[in-house]
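**Q** One structure follows; several queries about it will come next.
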Amino acid sequence: MQHRVILSVSLGTLAENFCAVRALVSPCAVMPVLKANAYGLGVGPIARSLVAAGAERIAVAEPFEALELLDLGVPIQILSGVLPDEIEPMVARGVTLPLVDLASARAISAAAKRLGVTAKVHVKLDTGMGRAGILWEQAPEVIRQTADLPNLALEGLFTHFPLAYESASAFTREQLRRYRWVLAQAEAMGIHFTWRHAANSDAINNAPEACSAPFNLVRCGINLHGAFDAAGSLRVPLKPVLTMTTRLAQVRTLPPGTPIGYGHTFRTRREMRVGTVCAGYADGLPLALSNRGSVLIRGTAAPILGRLSMDYLTVDLTDLPEATVGDTVTLLGRDGDLEIPVQDWANLKGTHAYDIICSIGSRVQRRFVE
Ligand SMILES: Cc1ncc(COP(=O)(O)O)c(C=O)c1O
C-alpha cells in the first residue's frame, strides 16, 4: 500500500538549479536558505544534496532548524534574530548568529566567553526592510562598539530587500547605497567582513548589482525549488523540481442536474462522466482551484468541478473515457505534453509560489528522487 498523495522532489534538478544560480552570480558564493524545513519540502535530503553540489554554508530561520543540520559539516547560520534564551545553546553548537543590536551582541559575547569559544556573527543591517536588524544610520556606531567585545567575530555584514522583484528598483538601489556606506565606515575603522551579502532570489534575478563586489555571497531559497517571484523577471534558467501526484478513487456517470460538492457551486448540465480524486485542501491544494483548476490524467487535462473539499476533489472525465479507478492523477508537474507549474496555482489563488510550496500538507509523502 502506498501513500495517496506524493510529492516527488527531484534532487538532481534541485542541484542543477543551485549550479545555474552559482554560474550566474559567480564569483559570489550561493548560500541555500533552507528555513521552514526547506520551505516545507523536507530539509534533510535537500540540504545533503546541495552540500554535495558544493554549497559551502546554509541559512535557516531559527534554532531548531539549525540543530537539524549540524552534522552536515558546513557552517549553519540563523538569519532573522535570536531570543535571549536561545543564544547560549546556539553559541555552544557553533551556529553563526545574526547580530541585530548591541544588547544581543553583548549577550552573544558573554555566552561565548563563558563557553570558552569565539561566536561568529553576521551584522544584520536594516537598510529598508523594516523587519529586523540595526538601522543603517546607527550601524557604524554599533559595529564600532561590538568590534571590541571579547569572543565575538564579526564575520559578515548583510541586509535584505523588500522590493527586489522590481527590475531597476530605485529603492533597492538606495538600499545598496546604504549598505555600501556602512561597509565603507566599518572598513575605515579597520573592520573587514569576510562575508558580504544582500541578494535573495528576487535580487539574483532583478538586481545584478547585489550579486557582484563588494558582495561575495547570495542567499537563495525559492529559485532552488524551480520557482520564482512572478512579480519580477527571471535571469536563472530554472527547471521545475516538484511533481505532486495522487490517484483516482471513483469514476461515475452522473445524470443532468446533479450538484457537485459543498455549496453546490457546480451542477451537471448533461449526463457527465466524473472522477473523484484523492486530494483536497488538507494536502495543500488552494481552495481557489475550485471550478477553475485542472489535473492531468493519462496526459489529458481534467477540469476540477465544484468546490474542493478537505480530502477529495471532483473532475470532469468527458475527454477521458478510458480513465479508471487507481489511475495516477498529476496535480502539479508534467504528464506527457502537459504541465501544471506551481505558478498556475499561485495565479489562481492570487498569491506567490512561496505560499503554495510552504502550504503542501503534512500528510503528503515527500519522495526524494536522485
Ligand atoms: C533574510 C532572508 N534572506 C534570503 C531569503 C531567501 O529568499 P528567496 O526564497 O526569495 O530566495 C529569505 C527568505 O525569505 C530571507 O528571509
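Residues in the sequence shown are numbered from 3 upward in steps of one, following our numbering.
Yeah, the Cβ is synthetic: ideal placement off N, Cα and C, and Gly gets one too.
If you're wondering where the values come from, they're calculated on a predicted model, not measured in any experiment.
(1) When you compare the segment 254 to 268 with the segment 229 to 245, are there three or more beta-carbon pairs, one atom per stretch, that lie closer than 8 Å?
(2) Which one of 107, 40, 245, 170 has the shortest CA to CA distance from residue 153?
(3) Please list, in chain order, all residues of the same chain as residue 48 whose beta carbon is under 6 Å from its beta carbon, the five residues on each side excluded.
(4) Taking 6 Å as the limit between beta carbons, can you name the residues of its chain near residue 247, skipping five residues before and five after?
(5) Just to confirm, are residue 198 and residue 173 a CB contact at a threshold of 9 Å?
(6) Indicate, with yes or no, if ligand 1 has a heavy atom lying under 8 Å from the CB of residue 223.
(7) Who are residue 268's beta bridge partners in DSSP?
(8) Report the residue from 368, 118, 338, 13 whose alpha carbon sits nearest the alpha carbon of residue 298.
(9) Looking at the unbroken beta strand (DSSP E) that takes in residue 370, where does it start and where does it end?
(10) Just how far apart, CA to CA, sit residue 228 and residue 245?
(11) Assuming residue 202 and residue 166 make a contact with CB atoms under 8 Å, what is their CB distance in whole Å?
(12) Does ligand 1 have a heavy atom nearer than 8 Å to the CB of residue 356?
(13) If you drop the 5 nearest sequence neighbours on each side, which residues of the same chain put their C-beta closer than 8 Å to that of residue 284?
(14) Run the CB neighbour count on residue 25, radius 10 Å, all protein chains shown included, and call it buried at 16 or more, exposed below.
(15) Need the endpoints of the alpha helix (DSSP H) that residue 37 sits in, please.
(16) Pairing CB atoms from the segment 268 to 283 with CB atoms from the segment 346 to 360, are three or more of them under 8 Å?
(17) Are there 16 or more other CB atoms within 10 angstroms of the CB of residue 73, so buried, or fewer, so exposed?
(18) Mapping DSSP to helix, strand and coil, what is residue 346?
(19) Assuming residue 90 and residue 113 are in contact, meaning their beta carbons sit under 8 Å apart, how far apart are those beta carbons, in whole angstroms?
(20) Suppose you measure from the CA of residue 350 to the CA of residue 335; what does that come to, to the nearest Å?
(21) Please confirm whether any heavy atom of ligand 1 lies closer than 8 Å to the CB of residue 202.
(22) Shorter than 9 Å from the beta carbon of residue 183 to some beta carbon of chain D?
(23) If we ignore side chains and look at the alpha-carbon of each, how far apart do residue 155 and residue 52 end up?
(24) Leaving out five residues before and five after residue 210 in sequence, what residues of the same chain have Cβ atoms less than 8 Å from its Cβ?
(25) Quick one: measure Cβ to Cβ for residue 308 and residue 262, integer angstroms, because I've assumed they're closer than 8 Å.
(26) Under the three-state reduction of DSSP, which class applies to residue 177: helix, strand or coil?
(27) Going by DSSP, what residue range makes up the beta strand (DSSP E) through residue 160?
**A** This is what the structure gives:
(1) Between the segment 254 to 268 and the segment 229 to 245, the count of Cβ pairs shorter than 8 Å is below three; the stretches do not touch.
(2) Taking the sequence shown and counting its residues from 1, one reaches residue 153 at position 151. Out of 107, 40, 245, 170, 107 has the C-alpha closest to the C-alpha of residue 153.
(3) Taking the first residue of the sequence shown as position 1, residue 48 is located at position 46. Sequence-distant Cβ neighbours of residue 48 in its own chain, meaning closer than 6 Å and more than five residues away, are 40.
(4) The residue labelled residue 247 in the question sits at position 245 within the sequence shown. Contacts found: 8, 330, 332.
(5) Residue mapping note: residue 198 aligns to position 196 of the sequence shown, counting from 1. Residue mapping note: residue 173 aligns to position 171 of the sequence shown, counting from 1. Not a contact, by the Cβ cut-off of 9 Å.
(6) On the sequence shown, residue 223 is found 221 positions in, with the first residue counted as 1. Residue 223: yes, Cβ under 8 Å from ligand 1.
(7) Locating residue 268 in the sequence shown gives position 266, counting from the first residue. In DSSP, residue 268 forms a bridge with 262.
(8) If you number the sequence shown from 1, residue 298 lands on position 296. The option with the nearest alpha carbon to residue 298 is 338.
(9) Here residue 370 refers to the residue found at position 368 of the sequence shown. Unbroken beta strand (DSSP E) run through residue 370: 367 to 371.
(10) If you number the sequence shown from 1, residue 228 lands on position 226. If you number the sequence shown from 1, residue 245 lands on position 243. If you take the alpha carbons of residue 228 and residue 245, they lie about 11 Å apart.
(11) Numbered from its first residue, the sequence shown carries residue 202 at position 200. Numbered from its first residue, the sequence shown carries residue 166 at position 164. Going by Cβ atoms, the distance from residue 202 to residue 166 rounds to 7 Å, so yes, they are a contact pair.
(12) In the sequence shown, residue 356 corresponds to position 354, counting from 1. At least one heavy atom of ligand 1 is nearer than 8 Å to the Cβ of residue 356, so yes.
(13) By one-based count along the sequence shown, residue 284 stands at place 282. These residues qualify, in order along the chain: 312, 313, 363, 365.
(14) Taking the first residue of the sequence shown as position 1, residue 25 is located at position 23. When all chains shown are included, residue 25 counts as exposed.
(15) Position 35 of the sequence shown, counted from the start, is the residue given in the question as residue 37. 37 to 41 is the extent of the alpha helix (DSSP H) around residue 37.
(16) no
(17) Residue numbering aside, residue 73 sits at position 71 when the sequence shown is read from its first letter. The residue in question, residue 73, is exposed, as its Cβ has fewer than 16 Cβ neighbours within 10 Å.
(18) In the sequence shown, residue 346 corresponds to position 344, counting from 1. Residue 346 falls in the helix class under three-state DSSP.
(19) Counting from 1 along the sequence shown, the entry for residue 90 is found at position 88. Counting from 1 along the sequence shown, the entry for residue 113 is found at position 111. Beta-carbon to beta-carbon, residue 90 and residue 113 are separated by about 4 Å, close enough to satisfy the 8 Å threshold.
(20) Here residue 350 refers to the residue found at position 348 of the sequence shown. Here residue 335 refers to the residue found at position 333 of the sequence shown. Near 16 Å, if we compare the C-alpha coordinates of residue 335 and residue 350.
(21) Here residue 202 is taken as the residue at index 200 of the sequence shown, counted from 1. Checking the Cβ of residue 202 against ligand 1 gives yes.
(22) The structure shown has no chain D; it contains just one protein chain.
(23) Position 153 of the sequence shown, counted from the first residue, corresponds to residue 155. Position 50 of the sequence shown, counted from the first residue, corresponds to residue 52. About 26 Å.
(24) For this step, residue 210 is matched to residue 208 along the sequence shown. These residues qualify, in order along the chain: 237.
(25) Here residue 308 corresponds to residue number 306 of the sequence shown, with the count starting at 1. Here residue 262 corresponds to residue number 260 of the sequence shown, with the count starting at 1. So it is a contact: roughly 4 Å between Cβ atoms.
(26) To locate residue 177, count along the sequence shown from 1; it is residue 175. Helix.
(27) Position 158 of the sequence shown, counting from 1, holds the residue named residue 160. Start and end: 154 to 161.
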